[in-house]
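Down below is the structure, laid out as structure tokens.
Numbering (our numbering), first residue to last: 279 to 564.
This is the structure:
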């Protein structure tokens, strides 16, 4: 007699959710989901519509030393200003600009030396239309303060160097006066060497005095000196545009968010009877 083998039927997991359960769930709660979705979407769109419109425009600004001639290169170098200092002050000045509700956001590219400026206004587009000249004026004011500080430092250093050079010349004059005349000193170059050293020192003194006069003139007229030392140029400027999302984008995003919240609400509502039943059973059990 042969022994027959039987395979036990697979048992379903009571906690497993099937497609039928999902369809039944939506069948029971579709009204809750629909009403909640419509209500939340309407609230989201209405809230977005009541928010003030934001306007913006974009600028690309270049700030660089104006170095066109050898003298300009030398005199700019005399200020001791580095491009990093200029970039830092310019970026801070552009970022701190506030006027008539206009705010700015600045991104500085160290490789190109360009500053990308985004100007925003939450009131009207008109403040943005006239903001560029005021922004550049604020930038030039900060550059003038930087130049003034640099001039103070340079002039203090020049005073020390000039005093030292004048002292050296006085010492050389004394030594030359004590040296024997050139006719009686043909075989000794002492006097000639002293006179050559004095000539070199006088040339250096004249150069330092020229730098001093140039820096003093620049400091006395900082408004024009900023244009002489720096080149501030607007590379590009966009038109004023309304920023933010379009109405269609707002509706789509509000609908997606509302559906997700509605399903969560429907799950909670659908499970409330079961939760009440389990709580009642827990209370009755000893």
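In this text, a Cβ means the ideal position worked out from N, Cα and C, and glycines have one as well.
Per DSSP, the bridge partner or partners of residue i
{"i": "residue 396", "result": "336, 383"}
{"i": "residue 514", "result": "338"}
{"i": "residue 443", "result": "In DSSP, residue 443 forms no bridge with anything."}
{"i": "residue 509", "result": "342"}
{"i": "residue 519", "result": "334"}
{"i": "residue 360", "result": "DSSP, once it has assigned bridges, lists no residue as partnering residue 360."}
{"i": "residue 377", "result": "380"}
Residue range of the alpha helix (DSSP H) that includes residue i
{"i": "residue 405", "result": "404-407"}
{"i": "residue 469", "result": "468-498"}
Top-ranked residue by Cα proximity to residue i, from the options
{"i": "residue 444", "options": "419, 537, 476", "result": "476"}
{"i": "residue 371", "options": "537, 432, 424", "result": "424"}
{"i": "residue 519", "options": "356, 399, 388", "result": "399"}
{"i": "residue 406", "options": "380, 419, 456", "result": "380"}
{"i": "residue 343", "options": "509, 530, 534, 557", "result": "509"}
{"i": "residue 377", "options": "413, 552, 361, 357", "result": "413"}
{"i": "residue 311", "options": "410, 512, 533", "result": "533"}
{"i": "residue 495", "options": "426, 403, 385, 474", "result": "426"}
{"i": "residue 315", "options": "530, 554, 551", "result": "530"}
{"i": "residue 483", "options": "355, 385, 438", "result": "438"}
{"i": "residue 517", "options": "403, 555, 550", "result": "403"}
{"i": "residue 511", "options": "401, 411, 332, 550", "result": "411"}
{"i": "residue 383", "options": "389, 391, 374, 390", "result": "374"}
{"i": "residue 455", "options": "560, 553, 470", "result": "470"}
{"i": "residue 478", "options": "447, 535, 386, 506", "result": "447"}
Residue i burial status per 10 Å Cβ neighbour count (16 or more: buried)
{"i": "residue 298", "result": "exposed"}
{"i": "residue 415", "result": "exposed"}
{"i": "residue 503", "result": "buried"}
{"i": "residue 367", "result": "buried"}
{"i": "residue 451", "result": "exposed"}
{"i": "residue 599", "result": "No information on residue 599 is available, as it lies outside the stretch 279 to 564 that the chain covers here."}
{"i": "residue 481", "result": "exposed"}
{"i": "residue 418", "result": "buried"}
{"i": "residue 302", "result": "exposed"}
{"i": "residue 498", "result": "exposed"}
{"i": "residue 226", "result": "Given that the chain is displayed from residue 279 to residue 564, the structure contains no residue 226 and the question cannot be resolved."}
{"i": "residue 463", "result": "Any reading at residue 463 is ruled out, since the residue's pLDDT is 49, under 50, leaving its predicted position unreliable."}
{"i": "residue 442", "result": "exposed"}
Distance cut-off 7 Å: residue i Cβ against heavy atoms of the ligand ATP
{"i": "residue 334", "result": "Questions concerning the ligand ATP fall outside what the structure shown contains, since it holds no ligand whatsoever."}
Min CB distance residue i to chain C below 8 Å
{"i": "residue 472", "result": "The structure shown contains no chain C; it is built from a single protein chain."}
Exercise. Does the segment 334-341 come close enough to the segment 391-407 to have 3 or more Cβ pairs within less than 8 Å?
Worked result: Contact between the segment 334-341 and the segment 391-407 is established, with three or more Cβ pairs separated by less than 8 Å.
Exercise. Okay, do the segment 307-327 and the segment 538-554 touch, 3+ Cβ pairs below 8 Å being the bar?
Worked result: Under the three-pair Cβ rule at 8 Å, the segment 307-327 counts as touching the segment 538-554.
For this session: Flag this pair as touching only if the segment 470-489 and the segment 315-327 have three or more C-beta atom pairs under 8 Å; answer yes or no.
Result: By the criterion of at least three beta-carbon pairs nearer than 8 Å, the segment 470-489 is not in contact with the segment 315-327.
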